[in-house]
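Comments concern the structure below.
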Amino acid sequence: MSVTVFIRYQLDPFKRAQFEEYSKRWLSIIPKCGGDLIGYFMPHEGTNNIAFALITFESLAAYEAYRARLRQDADGMANFHFAEENKFILAEERTFLRKVVL
1 MSVTVFIRYQ LDPFKRAQFE EYSKRWLSII PKCGGDLIGY FMPHEGTNNI AFALITFESL
61 AAYEAYRARL RQDADGMANF HFAEENKFIL AEERTFLRKV VL
């Protein structure tokens, strides 16, 4: 059974451009490390400090293997450090979802 990781980010609304740069970097890193990236979604209208990402994996075990590869990936670690240094992500929540099928 595949799982989709739904990530909800609370952003510093004055640093959205930095979050967008961070998100764009993941567009190549996540697939390289084994995730099926559905996409990153930025605030557009309404709330200006919430963003989302969706990534699908074959299983929770595949997700765990992806996380291990991500920790070994130089580009991935550089992107984590970019976020830590610039503090544009104020909070991050992960929810694991499964698709409803007949």
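The numbering of the sequence shown is UniProt numbering, which starts it at 1 and goes up by one.
Quick reminder that beta carbons are idealized off the backbone N, C-alpha and C, glycines included.
Query	Result
Simplified DSSP assignment, three categories, for F57	strand
CA nearest to the CA of W26, picked from S59, L102, A61 and F80	F80
Coil, strand or helix - D36 by DSSP	strand
Close beta carbons around I29, own chain, < 6 Å, minus the five adjacent residues each side	D75 and G76
Under the three-state DSSP convention, the category L97 falls into	strand
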